[in-house]
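Residue numbers (full-length UniProt numbering), protein chains in the order written: chain U, 1 to 355; chain H, 1 to 331.
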């Protein structure tokens with residue numbers, strides 16, 4: 001099966017283009033945007049881990065190592081498309097225009113963090129594995145029924161492809177030709193379980209065969225292939241040709257969450273090697289050097305800009321008004337039922353306040 | 001109803017078809033999703049003729065995947081549609097439990113009202129029709145325990161149509177339970193066109209001063225049989241059909257039990273964790289000092305719903321209900 005689904009790439013580890021037909025499409029503007037966003041989300045990710053270590057946010061799920069997959073996909077979306085991320089895809093959500101303050105609020109236990117900016121169709125992070133996949137199929141099906149050209153993208157990991165909701169969602173989308181891209185980040189571990197214990201299938205892309213939809217296996221650390229394959233899948237979707245499954249092979253350097261210790265289940269030397277060999281940002285830098293467009297000054301400025309933006313978001317998160325207990329009761333139904341109304345009144349009276 | 005409209009004599013299942021027909025006509029966002037609901041019109045014919053009338057775009061046969069099409073229904077509801085999903089039997093809803101519990105019921109809360117799920121899930125439920133195994137569950141309390149979803153259970157054609165239309169127009173998810181035992185057991189005059197029955201309101205179906213009998217769904221006719229037999233013995237029952245199981249109409253319960261001081265709750269579901277216990281809590285909270293006897297519950301047993309050879313023993317009968325009425329009277 002690996003032969004049927006070879007890992008496709010445009011850029012190799014050394015920063016060389018291996019698919020020359022893409023050369024003309026790699027404009028400086030596009031590449032700079034990729035670099036800027038990948039750097040931005042990596043700084044955010046490291047900052048968030050540090051905030052968690054200091055007790056300034058709750059448990060956090062890092063994505064470092066998966067930047068190319070997240071930025072490349074989000075950059076391919078149109079503003080009116082739908083995004084269904086998991087808890088490890090806020091890099092994609094940030095790139096697509098989610099509020100950094102709200103993403104931090106989410107990790108600090110606030111429902112306000114699940115609210116996307118106006119007009120941004122970003123679902124709250126999927127927590128139970130694979131359950132967002134049918135939502136994406138349904139939202140995409142709805143777009144098709146409305147006759148728009150909008151599409152949806154659903155993110156999920158390798159472990160999610162063992163869940164029933166993955167198969168039910170793909171089947172539903174393929175039957176109704178829903179305009180949706182199923183984007184798998186195969187980081188090769190579902191918390192502690194390596195992929196060879198997760199499935200007997202040699203690839204995830206091959207699972208598309210069962211639903212008669214295109215299955216593509218790509219290097220998830222090559223932002224060029226991620227971007228162009230996502231664009232291609234979105235175009236198919238918009239043209240009414242139905243869903244696509246993309247398997248982006250990647251690696252998370254760190255822990256599953258800040259509550260996890262990966263050294264318990266894998267040799268972290270692998271992560272150290274991968275940082276040097278296959279890192280998505282380093283790879284882009286190598287290409288920029290090869291192309292003679294490497295500009296340290298510009299890069300430094302991009303990093304400083306991202307750090308300032310993130311610091312500002314942290315300040316906004318920390319200055320956010322404390323949780324209003326009334327909010328527990330106010331969003332269960334459009335109109336509170338008598339039970340909720342009564343519980344709210346009694347509780348607010350007990351704590352001596354209200355709104 | 002402000003203006004006089006015509007009526008039709010319909011069974012409960014026909015009233016459901018009529019409600020769906022009415023809403024498919026009135027609101028273009030309404031869509032039906034489910035297994036065998038198209039050409040076949042549903043295994044109980046609740047959607048009979050609707051695909052022919054409204055097309056495959058609006059009456060959609062789905063693959064066999066409860067989690068998949070409830071999940072997709074959530075995505076469609078969030079994206080501007082009003083999906084009405086048929087689960088073939090309540091006993092087959094469990095694969096979709098996660099989608100209902102973790103998404104449909106709490107998306108509004110998770111996003112503080114940014115994303116909402118105006119979804120209706122219809123499910124025939126209950127025993128007593130000699131149906132195969134697992135087709136007879138009455139597990140409404142799994143869903144009344146879930147914050148963020150309403151649970152409705154009509155017992156008459158008029159209520160079925162009015163409540164289903166109200167459920168479709170409700171901005172939040174509604175589980176709509178249909179007592180399959182009542183699907184064709186009675187006919188009633190049902191207004192043509194659109195009308196609603198308010199979700200959250202019970203209905204007094206018999207007036208009496210001695211004992212309150214509280215029930216819903218397929219147990220309504222059984223409770224009425226018992227109440228009529230008691231009438232002959234000079235005991236007069238106040239019989240309440242709750243119609244909505246969440247949020248329960250506490251006022252109709254309090255008004256009645258304060259008058260009678262004696263209560264029998266009847267439900268087909270298992271006793272432990274059943275909705276009857278919530279009714280008991282309402283009596284306790286609103287009317288404790290009015291009680292002249294401990295409240296009696298007549299329910300299904302805490303055993304899995306048995307295969308139909310045993311179901312007559314499992315289901316509450318008018319005889320068991322009469323026994324409990326006599327017990328609270330003699331206390």
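The beta carbon of each residue, even a glycine, is placed where N, CA and C say it ideally should be.
Buried or exposed by the 16-neighbour rule on C-beta atoms within 10 Å, applied to residue i
i, result
"residue 228(H)", "exposed"
"residue 110(H)", "buried"
"residue 247(U)", "buried"
"residue 265(U)", "exposed"
"residue 64(U)", "buried"
"residue 254(U)", "buried"
"residue 56(H)", "exposed"
"residue 313(H)", "exposed"
"residue 355(U)", "Confidence in residue 355(U) is poor, its pLDDT being 47 and thus under 50, which makes the residue's placement too unreliable to answer from."
"residue 32(H)", "buried"
"residue 65(H)", "buried"
"residue 241(H)", "buried"
"residue 323(U)", "exposed"
"residue 300(H)", "buried"
"residue 174(U)", "buried"
"residue 232(H)", "exposed"
"residue 37(H)", "buried"
"residue 186(U)", "buried"
"residue 184(U)", "buried"
Member of the options whose CA lies at the smallest distance from the CA of residue i
i, options, result
"residue 218(H)", "34(H), 65(H) and 181(H)", "181(H)"
"residue 62(H)", "93(H), 9(H) and 86(H)", "86(H)"
"residue 54(H)", "115(H), 154(H), 17(H) and 168(H)", "17(H)"
"residue 267(H)", "251(H), 302(H), 259(H) and 210(H)", "302(H)"
"residue 221(H)", "94(H), 190(H), 245(H) and 183(H)", "183(H)"
"residue 333(U)", "21(H), 201(H), 118(H) and 233(H)", "118(H)"
"residue 136(H)", "312(H), 56(H), 125(H) and 177(H)", "125(H)"
"residue 332(H)", "250(H), 93(H) and 299(H)", "The requested residue 332(H) is not part of the displayed model; chain H covers only 1 to 331."
"residue 148(U)", "162(U), 179(U) and 167(U)", "179(U)"
"residue 146(U)", "296(H), 247(H) and 58(H)", "58(H)"
"residue 329(H)", "167(H), 260(H), 22(H) and 300(H)", "260(H)"
"residue 351(U)", "342(U), 325(U) and 285(U)", "325(U)"
"residue 164(H)", "307(H), 187(H), 7(H) and 24(H)", "24(H)"
"residue 200(H)", "175(H), 213(H), 191(H) and 211(H)", "175(H)"
"residue 333(H)", "295(H), 151(H) and 271(H)", "Residue 333(H) lies beyond the range of chain H shown here (1 to 331); nothing can be said about it."
"residue 134(H)", "90(H), 232(H), 51(H) and 292(H)", "90(H)"
"residue 217(U)", "72(U), 204(U) and 211(U)", "204(U)"
"residue 324(H)", "21(H), 179(H), 45(H) and 226(H)", "226(H)"
"residue 215(U)", "227(U), 170(U) and 256(U)", "170(U)"
"residue 145(H)", "213(H), 214(H) and 275(H)", "275(H)"
"residue 114(H)", "100(H), 171(H), 131(H) and 129(H)", "171(H)"
"residue 331(U)", "106(H), 8(H), 51(H) and 28(H)", "106(H)"
Residue(s) in a DSSP beta bridge with residue i
i, result
"residue 194(U)", "189(U)"
"residue 203(H)", "241(H)"
"residue 83(H)", "31(H)"
"residue 46(U)", "Its beta-bridge partners do not exist; DSSP assigns none."
"residue 155(U)", "183(U)"
"residue 175(H)", "121(H) and 151(H)"
"residue 32(U)", "The partner list for residue 32(U) (beta bridge, DSSP) is empty, contrary to what the question assumes."
"residue 170(H)", "Residue 170(H) is not bridged to any residue."
"residue 126(U)", "86(U)"
"residue 267(H)", "299(H)"
"residue 219(U)", "249(U)"
Assumed close pair residue i, residue j - CB separation to whole angstroms, cut-off 8 Å
i, j, result
"residue 189(U)", "residue 89(U)", "Incorrect: roughly 16 Å between the Cβ atoms, too far for contact."
"residue 121(H)", "residue 70(H)", "7 Å"
"residue 5(H)", "residue 162(H)", "Contact doesn't hold; Cβ gap of about 13 Å is too wide."
"residue 11(U)", "residue 283(U)", "6 Å"
"residue 149(H)", "residue 100(H)", "7 Å"
"residue 249(U)", "residue 17(U)", "Not quite, the Cβ-Cβ distance comes to about 19 Å (not below 8 Å), so this is no contact."
Is the stretch 149-168 of chain U touching the stretch 216-223 of chain U in the sense that three or more CB pairs, one from each, lie closer than 8 Å?
The stretch 216-223 of chain U, when compared against the stretch 149-168 of chain U, does not touch it at the 8 Å Cβ threshold.
Assess, as a yes-or-no matter, whether the stretch 105-125 of chain U is touched by the stretch 49-66 of chain U under the definition of 3 or more beta carbon pairs within less than 8 Å.
The stretch 49-66 of chain U is in contact with the stretch 105-125 of chain U.
Does the count of Cβ pairs from the stretch 225-243 of chain H and the stretch 198-214 of chain H closer than 8 Å reach three?
Segments in contact, yes.
Touch check for the stretch 158-173 of chain U and the stretch 187-202 of chain U: three-plus C-beta pairs under 8 Å?
Yes, the stretch 158-173 of chain U is in contact with the stretch 187-202 of chain U.
Examine the Cβ distances between the stretch 237-245 of chain U and the stretch 25-42 of chain U and report whether three or more of them are shorter than 8 Å.
Short answer: they don't touch.
Check whether the stretch 68-82 of chain U touches the stretch 111-128 of chain U, counting contact only when three or more Cβ pairs, one atom from each stretch, lie closer than 8 Å.
Yes: at least three Cβ pairs fall under 8 Å.
Determine contact between the stretch 12-30 of chain H and the stretch 141-159 of chain H, defined as no fewer than three beta-carbon pairs at a distance below 8 Å.
The count of Cβ pairs closer than 8 Å, one atom from the stretch 12-30 of chain H and one from the stretch 141-159 of chain H, reaches three, so the stretches are in contact.
Counting Cβ pairs closer than 8 Å, one from the stretch 35-51 of chain U and one from the stretch 124-135 of chain U, do we hit at least three?
No, they do not touch.
At least 3 beta-carbon pairs within less than 8 Å: the stretch 140-155 of chain U vs the stretch 73-86 of chain H
In short, these stretches touch, since the Cβ pair count reaches three.
Answer yes if the stretch 134-149 of chain U comes into contact with the stretch 79-97 of chain H, meaning at least three C-beta pairs across the two stretches below 8 Å, and no otherwise.
With a cut-off of 8 Å, the stretch 134-149 of chain U and the stretch 79-97 of chain H count as touching, because enough Cβ pairs lie within range.
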